[in-house]
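Asker: Attaching a single structure in structure tokens format; questions to follow.
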Amino acid sequence: MSYPYQIKSFEQYQSDYRRSVDDPAGFWADVANHFQWRKKWDTVSDWNFTEPKINWFSGAKLNITENCIDRHLEKLGDKPAIIWEPNNPDERVRVVTYNRLHKRVCQVAQMLVNNGVKKGDRVCIYMGMVPELVYAVLGCARIGAIHSVIFGGFSAQSIADRLYDANAEFIITCDGAFRGNKDIPLKSVIDDALIGNRTVKRVIVYTRTRTPVSMIKGRDVWWEDEMEHAETQIEKDGVVSFPAVEMDAEDPLFILYTSGSTGKPKGVVHSSAGYMVWTNYTFVNVFQYKPGDIHFCTADIGWITGHSYIVYGPLSAGATSLMFEGIPTWPDAGRFWDIVDKHQVNILYTAPTAIR
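Its first residue numbered -10, the sequence shown is counted upward by one per residue in our numbering.
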């Protein structure tokens, strides 16, 4: 892919910045024109800072997964979309091409529909850092369901609070997660969070650690069984298809909760079009991504950095995103650098706390 809006010099930065101030509608329209739309916008943005309220690309129709997956398939189908480095360095690395990602996301979308999920429903995702988490996020987006990823370290009460606030009716989780030398029993935490809950209709459980779990009949189902059934529905004669649901530009894409360090966690709603254009533009420019680079963001997808720079930013740019299941100090403090060397990482995005 080419990125005509990528800044190549300080002089171009100054020119682009000046235009973004003098003609913001024209500036962002030029960027947005490089994406795939079902219908173009009526207005680029309109705002009222008194309320405050702002809308981006009003009147436009799209589905973000078509920009993260479908538009890349013809030229980049065999290119790695995700390289997954497991917690245990002796375990097999998984490489997910854009073709494979497309199939898995279509399967998840069909699986969700089979389980009663529809456009506008809230789906809570409480998983470890495995590729299936990305499939789940994009599968929700494919059908217009609103995903709400919860960081795997939160307690049952924290999850219960978020489920209630988001009015979530569906959960995708794992039996457990590997984190360093620990096994985190995710499904049992979900079970505790659902004590007294009358809203959640379905819990889909992916097998990762093979931790024994309790499955409640009529509520809990296995990811593997549901995906196998969905595969027979979305693939005919080797051709994979699950049409993406058309979304309005301002339709919610996901809800992500603040950490709660300064008070009650607040659910921040991110809409489809504005977030897509912004996260792609920042990825391409802040990291100066070039085709062929390997991008490694060390964040957890449970936070906005992970959403933007493991999933939506890199994939919308047709990039290769490296996803790491483990922690920087296991089996030793050189793990990040081992990963960088092993996968020939060109871009490392991390935090001072992780480096320390």
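Each residue gets a CB set at the ideal place from its N, CA and C atoms; glycine is no exception.
Helix, strand or coil for Gly256? Go by DSSP, reduced to three states.
Answerer: strand
Asker: DSSP beta-bridge partners for Lys68?
Answerer: None, per the DSSP bridge assignment.
Asker: If you draw a straight line from the alpha carbon of Tyr6 to that of Ala21, how long is it in whole angstroms?
Answerer: 16 Å
Asker: Tell me whether the beta-carbon of Ala49 lies closer than 7 Å to the beta-carbon of Trp26.
Answerer: yes
Asker: If you count every other CB in all the chains shown that lies within 10 Å of the CB of Glu314, and 16 or more means buried, which is it?
Answerer: buried
Asker: Note the first and the last residue of the continuous alpha helix (DSSP H) segment covering Arg89.
Answerer: Tyr87 to Asn103
Asker: Would Pro317 and Ala340 qualify as a contact pair, given that the criterion is a beta-carbon distance under 7 Å?
Answerer: Contact: no.
Asker: Do you know whose CA, among Pro320, Pro41, Val33 and Arg89, lies nearest Gly227's CA?
Answerer: Arg89
Asker: If you run the structure through DSSP and keep just helix, strand and coil, what is Leu183?
Answerer: coil
Asker: So the candidates are Ser177, Ile193, Val275 and Asp327; which of them puts its Cα closest to the Cα of Val97?
Answerer: Ile193
Asker: Can you name the residues that DSSP bridges to Glu224?
Answerer: Val229
Asker: Would you kindly work out how many angstroms separate the C-alpha atoms of Trp211 and Asp240, rounded to a whole number?
Answerer: 30 Å
Asker: For Met118 and Ser34, what's the separation of their Cα atoms in angstroms?
Answerer: Approximately 35 Å between the Cα atoms of the pair.
Asker: Which residues in the same chain have their Cβ closer than 7 Å to the Cβ of Pro174, if we skip the five residues on either side of it in sequence?
Answerer: Gly165 and Thr200
Asker: Figure out for me which residue from Ala70, Glu215, Val94 and Tyr2 has the closest Cα to the Cα of Val85.
Answerer: Ala70
Asker: Hey, Ala308 and His284 are a contact pair by Cβ (cut 8 Å); roughly how many whole angstroms apart?
Answerer: 5 Å
Asker: From which residue to which residue does the alpha helix (DSSP H) around Pro(-7) run?
Answerer: Premise fails: Pro(-7) is in no alpha helix (DSSP H) and is neither H nor E.
Asker: If you follow the alpha helix (DSSP H) that Pro78 is part of, which residue opens it and which one closes it?
Answerer: Per DSSP, Pro78 belongs to no alpha helix (DSSP H) and is neither H nor E.
Asker: By a C-beta neighbour count over all protein chains shown, 10 Å radius and 16 as the cutoff for buried, is Glu217 buried or exposed?
Answerer: Answer is exposed; the Cβ neighbour count stays below 16.
Asker: Can you tell me whether Ser203 is helix, strand or coil according to DSSP?
Answerer: coil
Asker: What is the DSSP secondary structure of Thr268, counted as helix, strand or coil?
Answerer: helix
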